[in-house]
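Residue numbers (my numbering), protein chains in the order written: chain W, 1 to 113; chain H, 1 to 112.
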Amino acid sequence: DQQVKQNSPSLSVQEGRISILNCDYTNSMFDYFLWYKKYPAEGPTFLISISSIKDKNEDGRFTVFLNKSAKHLSLHIVPSQPGDSAVYFCAATGTGTASKLTFGTGTRLQVTL
Amino acid sequence: NAGVTQTPKFQVLKTGQSMTLQCAQDMNHEYMSWYRQDPGMGLRLIHYSVGAGITDQGEVPNGYNVSRSTTEDFPLRLLSAAPSQTSVYFCASRSLNTGELFFGEGSRLTVL
Numbered sequence: 001d002q003q004v005k006q007n008s009p010s011l012s013v014q015e016g017r018i019s020i021l022n023c024d025y026t027n028s029m030f031d032y033f034l035w036y037k038k039y040p041a042e043g044p045t046f047l048i049s050i051s052s053i054k055d056k057n058e059d060g061r062f063t064v065f066l067n068k069s070a071k072h073l074s075l076h077i078v079p080s081q082p083g084d085s086a087v088y089f090c091a092a093t094g095t096g097t098a099s100k101l102t103f104g105t106g107t108r109l110q111v112t113l
Numbered sequence: 001n002a003g004v005t006q007t008p009k010f011q012v013l014k015t016g017q018s019m020t021l022q023c024a025q026d027m028n029h030e031y032m033s034w035y036r037q038d039p040g041m042g043l044r045l046i047h048y049s050v051g052a053g054i055t056d057q058g059e060v061p062n063g064y065n066v067s068r069s070t071t072e073d074f075p076l077r078l079l080s081a082a083p084s085q086t087s088v089y090f091c092a093s094r095s096l097n098t099g100e101l102f103f104g105e106g107s108r109l110t111v112l
């Protein structure tokens, strides 16, 4: 029972273009969402987050959009750079200090020259 | 600034052997957790702790034990390793007031 789903295992984008990574969730109790980036042989690192009270959060080249009615969020990277090539995990959690983070299966982004 | 430190980085075990993956954090985080990463499965929560003396099960706890005697340390024990436990293991911590997890670099375990 996958509560956080990333249906695209991989994505290839040309350098300079927009990368759009998608994530769907099923648990309506989730109210805080995060994106993590992972390079090979390293631990995941936090990229950007969004609370359910917002529908957009922007940080430099990275923007996360949240559509609560559709239980869908997306990460936009503009412009994409070769260094963005990595696996991106979507994660979600609910309210409460002990809330657990539930991760999606990840999308491997390849930014080509 | 060490953050979350995991040891060992690589380990090969035979079926039935036991071992402990060590995790230490120096950020005074109350919350610590262990995840495993498998191809096509993402990151799955094994066990977590919200403070010293308190532990709880995650999504895939079977075959693993944890303890939390100090705020800094959260070891993960495999009592009798099985090939199904071949995976990459990540320890992560956070403050109870934030949702952002900080991860260690991972421990790659192979069980033959």
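Every residue, glycine too, gets a C-beta built ideally from N, C-alpha and C.
Only a predicted model underlies this, so the values are computations on that prediction, with no experimental measurement involved.
Under 9 Å, do residue i and residue j count as touching if we go by C-beta distance?
| i | j | result |
| --- | --- | --- |
| residue 92/W | residue 32/W | yes |
| residue 66/H | residue 44/H | no |
| residue 108/W | residue 11/W | yes |
| residue 3/W | residue 22/W | no |
| residue 47/H | residue 33/H | yes |
| residue 72/W | residue 1/W | no |
| residue 74/H | residue 36/W | no |
| residue 38/W | residue 88/W | yes |
| residue 24/H | residue 4/H | yes |
| residue 76/W | residue 8/W | no |
Quick one: residues in its chain with C-beta nearer than 7 Å to the C-beta of residue i, no 5 flanking neighbours on either side, listed in chain order?
| i | result |
| --- | --- |
| residue 14/H | 112 |
| residue 14/W | 112 |
| residue 17/H | 81 |
| residue 8/H | 107 |
Show which residues of chain W have a CB atom less than 9 Å away from the CB atom of residue i.
| i | result |
| --- | --- |
| residue 101/H | 34, 36, 44, 46, 91, 101 |
| residue 90/H | 43, 44 |
| residue 45/H | 100, 101, 102, 103 |
Roughly how many whole angstroms lie between the Cα atoms of residue i and residue j?
| i | j | result |
| --- | --- | --- |
| residue 99/H | residue 107/H | 23 Å |
| residue 78/H | residue 109/H | 11 Å |
| residue 81/W | residue 101/H | 25 Å |
| residue 63/H | residue 81/H | 8 Å |
| residue 78/W | residue 35/H | 30 Å |
| residue 48/W | residue 6/H | 24 Å |
| residue 85/H | residue 100/W | 22 Å |
| residue 10/H | residue 94/W | 33 Å |
| residue 53/H | residue 43/W | 26 Å |
| residue 22/H | residue 61/W | 36 Å |
| residue 97/H | residue 71/H | 16 Å |
| residue 12/H | residue 58/H | 25 Å |
Please go through the same chain and pick out, in chain order, the residues whose beta-carbon is closer than 8 Å to the beta-carbon of residue i, but skip the five residues on each side of it.
| i | result |
| --- | --- |
| residue 5/W | 23, 24, 25, 26, 104, 105 |
| residue 54/W | 66 |
| residue 68/W | 52, 55 |
Find the residues of chain H that neighbour residue i, judging by a C-beta separation of less than 7 Å, and give them in chain order.
| i | result |
| --- | --- |
| residue 105/W | 40, 41, 42 |
For the ligand SAM, is there any heavy atom lying closer than 8 Å to the beta carbon of residue i?
| i | result |
| --- | --- |
| residue 96/H | Questions concerning the ligand SAM fall outside what the structure shown contains, since it holds no ligand whatsoever. |
Starting from residue i, find everything on chain W with Cβ-Cβ shorter than 8 Å and list it in chain order.
| i | result |
| --- | --- |
| residue 58/H | 100 |
| residue 105/H | 41, 42, 43 |
Sorted by chain position, which residues of the same chain lie with C-beta nearer than 6 Å to residue i's C-beta, five sequence neighbours on each side aside?
| i | result |
| --- | --- |
| residue 102/W | 3, 4, 92 |
| residue 95/H | 29 |
| residue 17/W | 80 |
| residue 26/H | 2 |
| residue 83/H | 111 |
| residue 45/W | 37 |
Just the chain H side, please: which residues come within less than 8 Å of residue i by C-beta, in chain order?
| i | result |
| --- | --- |
| residue 49/W | 99, 100 |
Give the residues of chain W in contact with residue i, contact being defined as C-beta atoms less than 7 Å apart.
| i | result |
| --- | --- |
| residue 48/H | 100 |
Practice item. Could you pull out every unbroken alpha helix (DSSP H) segment of at least 4 residues lying fully inside the region 34 to 100 of chain H, listed in chain order? Key: none
Point to revise | Uninterrupted beta strand (DSSP E) stretches inside the region 1 to 66 of chain W (no shorter than 3 residues) | key: 10 to 14, 19 to 25, 30 to 38, 45 to 51, 56 to 59
Point to revise | Runs of beta strand (DSSP E) lying entirely within the region 4 to 35 of chain H, each at least 3 residues, in chain order | key: You should have 4 to 7, 10 to 13, 19 to 25.
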